[in-house]
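Residues in the sequence shown are numbered from 81 upward in steps of one, following the working numbering. Okay, structure first, notes after.
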Amino acid sequence: ADQERRRLFGDGFVSIFSLFRDGRELASRLREVRSMPSAEQADGLAAITDPYLVFFDETDLCPHTGLRLMDVWRYFRHTWANQYTSVPGRTMMFLVRDRAAPRHPVVGIGSISSPIVQIRERDIWIGWHPESLLEEIQERPTAKHGKWLKGIVGQALDELYVQDFLEESDADHLLTPSELQDPTPDVIERLRAHARKHRELHQQYPDQNEHKGVEGGRVATGTWEDRARSNLFISKRAAALADLLEARRDLATHLGERPTKDEVAALARDRSMQRTLLKVFRKAKADRVGVAMADITVCGAIPPYGALLGGKLVSLLAGSPELVAAYRKRYSGAESEIASAMAGRAIKRPAELVFLGTTSLYGRSAQYNRVRMPGEQLGGEPGTELRFVPLGESEAYGTSHFSAETLRLFDAVLRRSERGQRVNNIFGEGTSPKLRKVRDGLSHLGFPVALLKHHRRRELYGVPLASNLKEYLIGMSPRPRYLFPRAGAESTSAISAWWRERWVSKRLHSDQVLESVETHTLTSPIRHGARIQLPPEHPDRLDPFNE
Numbered sequence: 081a082d083q084e085r086r087r088l089f090g091d092g093f094v095s096i097f098s099l100f101r102d103g104r105e106l107a108s109r110l111r112e113v114r115s116m117p118s119a120e121q122a123d124g125l126a127a128i129t130d131p132y133l134v135f136f137d138e139t140d141l142c143p144h145t146g147l148r149l150m151d152v153w154r155y156f157r158h159t160w161a162n163q164y165t166s167v168p169g170r171t172m173m174f175l176v177r178d179r180a181a182p183r184h185p186v187v188g189i190g191s192i193s194s195p196i197v198q199i200r201e202r203d204i205w206i207g208w209h210p211e212s213l214l215e216e217i218q219e220r221p222t223a224k225h226g227k228w229l230k231g232i233v234g235q236a237l238d239e240l241y242v243q244d245f246l247e248e249s250d251a252d253h254l255l256t257p258s259e260l261q262d263p264t265p266d267v268i269e270r271l272r273a274h275a276r277k278h279r280e281l282h283q284q285y286p287d288q289n290e291h292k293g294v295e296g297g298r299v300a301t302g303t304w305e306d307r308a309r310s311n312l313f314i315s316k317r318a319a320a321l322a323d324l325l326e327a328r329r330d331l332a333t334h335l336g337e338r339p340t341k342d343e344v345a346a347l348a349r350d351r352s353m354q355r356t357l358l359k360v361f362r363k364a365k366a367d368r369v370g371v372a373m374a375d376i377t378v379c380g381a382i383p384p385y386g387a388l389l390g391g392k393l394v395s396l397l398a399g400s401p402e403l404v405a406a407y408r409k410r411y412s413g414a415e416s417e418i419a420s421a422m423a424g425r426a427i428k429r430p431a432e433l434v435f436l437g438t439t440s441l442y443g444r445s446a447q448y449n450r451v452r453m454p455g456e457q458l459g460g461e462p463g464t465e466l467r468f469v470p471l472g473e474s475e476a477y478g479t480s481h482f483s484a485e486t487l488r489l490f491d492a493v494l495r496r497s498e499r500g501q502r503v504n505n506i507f508g509e510g511t512s513p514k515l516r517k518v519r520d521g522l523s524h525l526g527f528p529v530a531l532l533k534h535h536r537r538r539e540l541y542g543v544p545l546a547s548n549l550k551e552y553l554i555g556m557s558p559r560p561r562y563l564f565p566r567a568g569a570e571s572t573s574a575i576s577a578w579w580r581e582r583w584v585s586k587r588l589h590s591d592q593v594l595e596s597v598e599t600h601t602l603t604s605p606i607r608h609g610a611r612i613q614l615p616p617e618h619p620d621r622l623d624p625f626n627e
């Protein structure tokens, strides 16, 4: 592999192996610390391993090897058991490196990405599942709830491009300015019919060039108004406008200019209004779910740090104040892709990360289990914790058991079908495109959709980062109140110190652990767990000596 080829850099030859920690050297130094008096062992461990975070983009280079950091990250990701697949939306990768060793070897890698939108167990725990919000308003109504409901609908209407709907000719009469202010049921039904018509046109003639992503926070092709006028977003805007006009009308029948607690209580008791309330709740969630939350999609240690439970270190660093600050810096000026295409102009959302979610890879997680750290060490109030909270188990279905070849064949079959391909991997088409494509493919071929069940239940975890988590996520609080104010590299140092104290110091006295560490050697021939195991160059060539 090109990464493994030695090349001259600075005062010596380097390769990806330069970023491996030699296990024999590390085990030897750990044994030295083990022989120290207990009072000196913490400082001894800090001299051996001193992790720090590295964030990077496509062009950043490693200052110690000259290698592209993106290539370094991808190399180590190839040592994982499961295949890496990109996630639509935002993705921020990071490396954890060790400044205590030459060339700062890689301790672990991680990545956070746009979250899965619908996870019932997570949303119920947060308290922003639509049914949870409805129950809250029914049991504990306040005037603030009424103001919030009206504000969500008002802001959504302000951020919706409608100019083309008002431009429709008399023959295609859709909407007039007066109807926009005082819509009739007929107007709302016309909008929904318009949405269905353009959804069908999009499915018949999808143009992926119209829906390229944003580059550097700005739309890559055309303008946001061009995107808004595409069939996909005409459909989405017409459906959204119908729902919002209906919601505004329904809220106006119950809430005055300044809503009162009694008005909100009456609204929540009216069963005919529940459908409207649920739609408003979903809109509130949609505004923040892709920008204030993220999923930890890659998280783990690189040998030999795995034997020292380096995965727990990487897990804690994924929720660190330094990562939150890096996320804010990267995305604070970014234009929200779907919101901007719906508005026909640039829409920017606050890049305040307040919640992380993740799942175990197979069944019960050893890595995330009991991962917690006292918040006081990060400047938080007594009793707070940076922790991975168990949220329950995910439903045992998905697409991980379908191969890339199967997905390709589903794609080909659906494109040749009478109704055509309904899932085109265009951002904004809908959530979980791979899942929807497999479901469509199974249905078209007559297979039961139950084949999506893989019967591998996974544990769900959440990492709350703000004390007003739910209120901020639904838009009732304008700013998050972060649990851990200690910022930057100082917070990372505190987390690293906790990792050494909580986990490394315990493994210092295990001969089995140290023997595992020293199996990863950099002497030739290199036998190291961080090295990619490549298949034979000619897997189909017969070996005449193989019986």
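Note that the Cβ used here is the ideal one computed from N, Cα and C, for glycine as well.
- Residue burial annotation: Ala530 is exposed, with fewer than 16 other C-beta atoms found within 10 angstroms of its C-beta.
- Per DSSP, Val233 is one residue of the alpha helix (DSSP H) stretching across Ala223 to Asp238.
- For the pair Ala322 and Ile376, the CB atoms are not nearer than the 9 Å cut-off.
- Taking each of Ala161, Val187, Ala567 and Ala122 in turn and checking the Cα distance to Gly103, the smallest one comes out for Val187.
- Contact check for Val394 and Ala381: beta-carbon distance about 6 Å, within the 8 Å limit, so the pair qualifies.
- Bounds of the beta strand (DSSP E) holding Pro470 are Val469 to Glu473.
- Taking Ile612 as reference, the option from Arg148, Arg157 and Arg220 with the minimal CA-CA separation is Arg157.
- Within 10 angstroms of the beta-carbon of Pro558 lie fewer than 16 other beta-carbons, which makes it exposed.
- Three or more pairs of CB atoms, one per stretch, sit closer than 8 Å, so the segment 274–287 contacts the segment 308–317.
- A residue is called buried when at least 16 other Cβ atoms come within 10 angstroms of its Cβ; Ser604 does not meet this threshold and is exposed.
- Within the segment 535–617, the complete alpha helix (DSSP H) runs of at least 4 residues fall at 549–553, 568–579 and 591–597.
- Shortest Cα-Cα distance from Pro263 to any of Leu110, Leu325 and Glu343 involves Leu325.
- The count of Cβ pairs closer than 8 Å, one atom from the segment 546–565 and one from the segment 460–469, reaches three, so the stretches are in contact.
- For Pro383, the CB contacts under 6 Å within the same chain, skipping 5 residues up- and downstream, are His600, Gly609 and Ala610 in chain order.
- In the structure shown, Ile189 falls within a strand segment according to DSSP collapsed to helix, strand and coil.
- Leu147 sits buried, since 16 or more C-beta atoms from the chains shown fall within 10 Å of its C-beta.
- Assigned with DSSP and collapsed to three states, Glu247 falls in coil, not helix or strand.
- Beyond the five residues adjoining it in sequence on each side, Arg202 comes within less than 8 Å, by CB distance, of Gly437, Leu471, Leu540 and Gly542 in the same chain, given in chain order.
- In the displayed model, Glu326 falls within a helix according to three-state DSSP.
- Residue environment: Arg270 is assigned as buried (16 or more neighbouring CB atoms within 10 Å of its CB, all protein chains considered).
- Excluding its 5 nearest sequence neighbours in each direction, Asp244 has C-beta neighbours in its own chain below 8 Å: Ala308, Arg309 and Ile314, listed in chain order.
- Leu436: member of the beta strand (DSSP E) spanning Phe435 to Thr439, first to last residue.
- For the pair of segments examined, the segment 353–366 was found to touch the segment 194–210: the number of CB pairs separated by less than 8 Å reaches three.
- Taken atom to atom, the span from the alpha-carbon of Leu515 to that of Val597 is near 40 Å.
- Counting C-beta pairs closer than 8 Å gives three or more between the segment 568–582 and the segment 127–134, which meets the contact rule.
- Residue pairing by DSSP places Glu417 in no beta bridge whatsoever.
- Shown here, Asp137 sits in coil according to DSSP, grouped into three states, outside any helix or strand.
- Scanning its chain for C-beta atoms nearer than 7 Å, with the 5 sequence neighbours on each side dropped, one finds no residue around Gln261.
- The bridge partners DSSP lists for Ala381 are Gly188.
- When the Cα atoms are used, Leu525 and Arg537 turn out to be separated by approximately 27 Å.
- Ala180 and Leu106 have their alpha carbons spaced roughly 11 Å apart.
- Between Lys392 and Trp583 a beta carbon distance of about 6 Å is seen, short of the 8 Å cut, so the two are scored as contacting.
- Straight across, the Cα-Cα distance linking Leu125 with Gly169 is about 39 Å.
- For Arg200, the uninterrupted alpha helix (DSSP H) run begins and ends at Arg200 to Ile206, by DSSP.
- For Gly460, no pairing in a beta bridge is given by DSSP.
- Around Val134, the same chain offers Leu149, Phe174, Leu175, Val176 and Arg177 as residues with beta carbons nearer than 8 Å, after the five sequence neighbours per side are excluded.
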